[in-house]
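Enquirer: Structure provided below as structure tokens; questions to follow.
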Amino acid sequence: MKEMKHKAIRRKNEYIQALRGLAIAAVVLIHCLQQAEWVLFLRPFLNFAVAMFLFLSGLLTPADKCADISGFYKRRIGKILIPYVLWSCIYLIASRQIDPVVIIKSLCLGTAAAQMYYLLVYAQMVLLTPLIYKALNSKCGWLLWLITPMTLVLREIAVCRGSAMTAVFSVFFGSWLLYYMLGLRWRVIANTLGEHLWTTMCVMVVALALQMISAWYWNKSGNFSVATSQLKVTAMITSLAVIVFAMQMTTLVRGKVSQCHLIILIGDCSYGVYLCHLLVLTCIRKVCELANVPVASVWGALLLWVLTLTVSTAIVRFCQIILPKRLQAVLGFE
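To convert, note that position 249 of the sequence shown is 249 in UniProt numbering; the numbers rise steadily by one, no gaps.
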């Protein structure tokens, strides 16, 4: 009986790592894409990535983990901030940025590299976790579920009005809170939703279509960045549908996915890959440029994606094997 329970837990953990692997693969592909019209139809299939990471973080943070608040903060915040500062400095040095004002601003807003904002968002979630649990258990807990939709609506209004402050939304916890809370509350919500896989699939298809229409509209308005952004209401609906769909998968499908050892390996290395992949991508672009290998097409983007994901995963895995645990933690490779 204990052995069967152990196997079930192991399969569950492997499935979660597989979802992480798929999410980081999507993140890397996003950063390999060019500014082209065909990207408008691809990005909706990739925009679930950060939402999935936050959902899984919430899923793996049950209330009892917050009982010792100081210990909880020490473990989580240390794991986030040390690699964040280190890799932000690496990216700033690589970009030859020496202006102190720009450096401070980059560290505060997570703009040292395109992916660094996530670590600040996650740090905010960790700091707020005990309060979120208390608020969700209160009579007004339902109000928390409105924060992310309202924030994204405000962002789109701000973009329409030409506000210069829209970049702040990327690092503001309210833009992402919904996915983290869904993870925190998933065990309760799953019982309510049941296993209506086909309904979820229909919602996902409709949401993808709406996101493509939204992307086309924003691009026609001259804003490619918003067109492909994860911070849109249509992207939020799609991400929620993808998350629910992934969690409603049957035991058989989960078992098959859990046998994909390559995806699980990528998932095991996902945090480190997230931190280092843009540096690896920059180097690979340079090599392709020197070798006269075109990377502006669909096939070029796929080549960059495969090379970047492979090299980044190999670097992280190699460091996991040879480096001491403490140094792995500093690098964010543990």
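From the three backbone atoms N, C-alpha and C, an ideal C-beta is built for every residue, glycine too. Owing to the predicted nature of the structure, the values given are computational and were not obtained by experimental measurement.
Assuming the contact rule is C-beta atoms closer than 8 Å, Gly183 and Tyr271 should be a hit. Round their C-beta distance to whole Å, please.
Expert: Incorrect: roughly 16 Å between the Cβ atoms, too far for contact.
Enquirer: Can you give the beta carbon distance from Thr308 to Val28, rounded, assuming they're within the 8 Å contact cut?
Expert: The pair is a contact, with the Cβ atoms about 5 Å apart (cut-off 8 Å).
Enquirer: Within a Cβ cutoff of 7 Å, which residues of the same chain sit near Leu152, ignoring the five residues on either side of it in sequence?
Expert: Ser175, Leu231, Lys232, Val233 and Met236.
Enquirer: Enumerate, from N- to C-terminal direction, the unbroken alpha helix (DSSP H) stretches of 4 or more residues contained entirely within the segment 6 to 55.
Expert: Entirely contained in the segment 6 to 55, the alpha helix (DSSP H) runs reaching 4 residues are, in chain order, 39 to 42.
Enquirer: By the 10 Å Cβ neighbour count, where 16 or more other Cβ atoms means buried, how is Val273 classified, buried or exposed?
Expert: Result: buried.
Enquirer: What number of angstroms, rounded off, separates the C-alpha of Ala167 from the C-alpha of Glu156?
Expert: If you take the alpha carbons of Ala167 and Glu156, they lie about 12 Å apart.
Enquirer: Rank Leu265, Leu290, Trp198 and Lys220 by C-alpha distance to the C-alpha of Thr250 and give the top, closest one.
Expert: Answer by Cα proximity: Trp198.
Enquirer: Over the uninterrupted alpha helix (DSSP H) stretch that includes Ile321, give me the two end residues.
Expert: Its alpha helix (DSSP H) spans residues Val298 to Ile322.
Enquirer: Output the distance between the C-alpha atoms of Ile82 and Tyr117, rounded to the nearest integer angstrom.
Expert: Those two C-alpha atoms are separated by around 14 Å.
Enquirer: Between Leu128 and chain C, is there a C-beta pair that is closer than 7 Å?
Expert: Protein chain content of the structure displayed is limited to a single chain, and chain C is not contained in it.
Enquirer: Measure how close the beta-carbons of Ser239 and Ala94 come, nearest whole angstrom, since I'm counting them as under 8 Å.
Expert: Going by Cβ atoms, the distance from Ser239 to Ala94 rounds to 30 Å, so no, they are not a contact pair.
Enquirer: Looking only at its own chain, which residues have a Cβ that is under 7 Å from the Cβ of Glu14, when we skip the five neighbours before and after it?
Expert: Correct list, in chain order: Ser258 and Ile264.
Enquirer: Does DSSP put Thr200 in a helix, a strand or coil?
Expert: Of the three classes helix, strand and coil, the one that applies to Thr200 here is helix, per DSSP.
Enquirer: Closest to Gly21 by CA distance: which of Ala49, Phe45 and Arg43 is it?
Expert: Among Ala49, Phe45 and Arg43, the Cα nearest to that of Gly21 belongs to Ala49.
Enquirer: Hey, how far is the Cα of Leu302 from the Cα of Val39?
Expert: C-alpha separation (whole angstroms): 12 Å.
Enquirer: Where does Cys108 fall in DSSP's three states?
Expert: Helix.
Enquirer: So, using beta-carbon positions, are Tyr133 and Ala190 closer together than 7 Å?
Expert: No, the Cβ-Cβ distance between Tyr133 and Ala190 is not below 7 Å.
Enquirer: Would you kindly work out how many angstroms separate the C-alpha atoms of Phe41 and Met201, rounded to a whole number?
Expert: In a straight line, the C-alpha of Phe41 is about 18 Å away from that of Met201.
Enquirer: Taking the alpha helix (DSSP H) that Glu195 falls in, what are its first and last residues?
Expert: Glu195 -> no alpha helix (DSSP H), and no H or E assigned at all.
Enquirer: Is the beta carbon of Val126 closer than 7 Å to that of Arg75?
Expert: Not a contact, by the Cβ cut-off of 7 Å.
Enquirer: Would you mind working out which of Phe245, Trp87, Met212 and Leu19 sits nearest Glu195, comparing C-alpha positions?
Expert: Taking only the C-alpha atoms, the option nearest Glu195 is Phe245.
Enquirer: Can you have a look at Tyr217 and say buried or exposed, based on whether 16 or more other CB atoms are within 10 angstroms of its CB?
Expert: When all chains shown are included, Tyr217 counts as exposed.
Enquirer: Measure the alpha-carbon distance for Val206 versus Arg96 and round it to whole angstroms.
Expert: Whole-angstrom Cα-Cα distance: 44 Å.
Enquirer: Beta carbon of Gly272: closer than 6 Å to some heavy atom of the ligand FMN?
Expert: No copy of the ligand FMN appears in this structure; indeed no ligand is present at all.
Enquirer: Sort Phe53, Ile69 and Ile321 by Cα distance to Pro130 and report the nearest one.
Expert: Per the Cα distances, Ile69.
Enquirer: Pick helix, strand or coil for Leu219, following the three-state DSSP scheme.
Expert: Note on identity: in this sequence residue 219 is Asn, with Leu being the wrong assignment. DSSP places Asn219 in helix when its eight states are reduced to three.
Enquirer: Go ahead and pull the three-state DSSP assignment for Cys89.
Expert: Three-state result, Cys89: helix.
Enquirer: Would Leu56 pass as a contact of Tyr180 if the rule is Cβ separation under 7 Å?
Expert: Not in contact: Leu56 and Tyr180 (Cβ atoms no closer than 7 Å).
Enquirer: Compare the C-alpha of Ile90 against each of Gly162, Gln124, Lys105 and Cys276 and name the closest.
Expert: When only C-alpha atoms are compared, the closest one is Cys276.
Enquirer: Would you check if the distance between the CB atom of Val293 and the CB atom of Leu304 is smaller than 7 Å?
Expert: Cβ distance not < 7 Å, so Val293 and Leu304 don't count as in contact.
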